[in-house]
Ligand SMILES: NC(=O)c1ccc[n+]([C@@H]2O[C@H](COP(=O)([O-])OP(=O)(O)OC[C@H]3O[C@@H](n4cnc5c(N)ncnc54)[C@H](OP(=O)(O)O)[C@@H]3O)[C@@H](O)[C@H]2O)c1
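In the numbering used here, the protein residues as written are 4 to 386.
This is the structure in structure tokens:
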């Protein structure tokens, strides 16, 4: 049995030192449930302007943070911004902040960074948060991987957000594509001609990483990291990196556990953020056959029976499975009423046998890879 952590009476936010996080399937997360000796309590965290229904129904405890190798702390639960429509994005970001989210996960490729910035500006203007209360994440699209393009596009992205630095800036995918000027098309997408042509750049990942390190030196990003990288590239990067990647963002859900990659990250001090935690749910709109053919995770017998056992929603069980195993999560929802529910995924504990039952569903099924979106023989990133 695992005891719940009692939040401190003064309402301060809890920090989990990264060294205490466990990623292995055979062990759960004792240092967090037994955290009193090793956790520290940091910046004040409140839910100002939260409606009583959010606060009383879901926000039973503050969101923990994870300490990164850069020395900064990252909220363990954040809000995903992929496929948030431009028309509703500013309101969605504002409502997410109001619901208690402090980490916002954006990207050039999502095409909505201006609107994200409008939502942030409104929340700051109304006194709900200060800039320093937020942890804003964005990503470098491969079209901008040539070293001389990195800082200029980051400055453009910061301008879109209306902020002066990113808390975390990630290389979105490994492998550089030929530069497309933002005046031609922005965001540029995968294709050089905007239709079907994949054209690579000769830039190496090492060259791009040097420019990423320059962002930290120039105070344009506090921490830098990677996304969609696999073991060999990470081991290679750790040989040359002056600033090692603080985080690795990867697709992670019970149909794609990637345990060995998690083990690697833990061992190398890299915090893992899980994306697409609800598995196929995010990919149904692309008509992916394999996403449609699978049992939705929210309806899966194992997940629903565990949800009934703990009196939680299946979505909360999926998120808790990841957070209890030490990962950060960034669920996206367009529904205000679901935001607080998704955020409430660290304040209860699953028994080890339940964690293991979910982990055992691993089937190695990946949804987010370029070759699923368009026909090409040039983009086998996960091969
Ligand atoms: N680095 C990368 O390459 C990469 C790739 C993909 C995603 N990401 C990041 O990760 C974030 C999350 O991933 P994601 O957007 O793919 O998927 P996700 O958060 O796993 O799932 C989103 C889908 O689940 C639905 N949903 C959300 N909460 C729910 C709940 N409580 N019950 C039932 N359905 C729920 C949403 O619908 P509604 O909106 O209708 O609620 C939406 O269809 C992204 O937004 C993005 O920031 C990064």
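Built from N, CA and C at the ideal position, the CB exists for glycine as well. Bear in mind the structure is a predicted one, so any value in this text is a computation, not a measurement.
Closest in C-alpha terms to residue 234, from the list 290, 180, 328, 271, comes 271. Residue burial is scored here from C-beta neighbours: residue 293 has fewer than 16 other C-beta atoms within 10 angstroms and is therefore classed as exposed. Distances from the alpha-carbon of residue 88 to those of 110, 68, 118, 70 put 118 closest.
For residue 108, the enclosing beta strand (DSSP E) stretches over residues 106-108. Rounded to whole angstroms, the separation of the alpha carbons of residue 109 and residue 326 is 20 Å.
In this structure, 324 is the residue among 344, 324, 340 with its C-alpha nearest to the C-alpha of residue 359. Straight-line spacing of the CA atoms in residue 156 and residue 194 works out to 18 Å. Exclusion of the five residues before and after residue 126 leaves 97, 100, 132 as the residues of its chain whose Cβ lies within less than 6 Å of its Cβ. Taking 6 Å as the cut-off, the C-beta of residue 336 counts as close to a heavy atom of ligand 1. Shortest Cα-Cα distance from residue 120 to any of 84, 346, 151 involves 84. Ranked by how close their Cα comes to the Cα of residue 137, the residues 225, 219, 148 have 225 in first place.
At least one heavy atom of ligand 1 sits closer than 6 Å to the Cβ of residue 284. Residue 164 has its Cβ no nearer than 6 Å to any heavy atom of ligand 1.
Inclusion of residue 300 and residue 314 in the CB contact set at 7 Å is not warranted, their separation being larger than that value.
Going by beta carbons, residue 82 and residue 107 fall inside the 7 Å limit. The beta carbon of residue 372 sits no closer than 6 Å to any heavy atom of ligand 1.
Here the C-alpha atom of residue 231 lies approximately 32 Å from the C-alpha atom of residue 308. For residue 241, the enclosing alpha helix (DSSP H) begins and ends at 234-243. Rounded to whole angstroms, the Cβ separation of residue 361 and residue 372 is 23 Å, and the two are not in contact under 8 Å.
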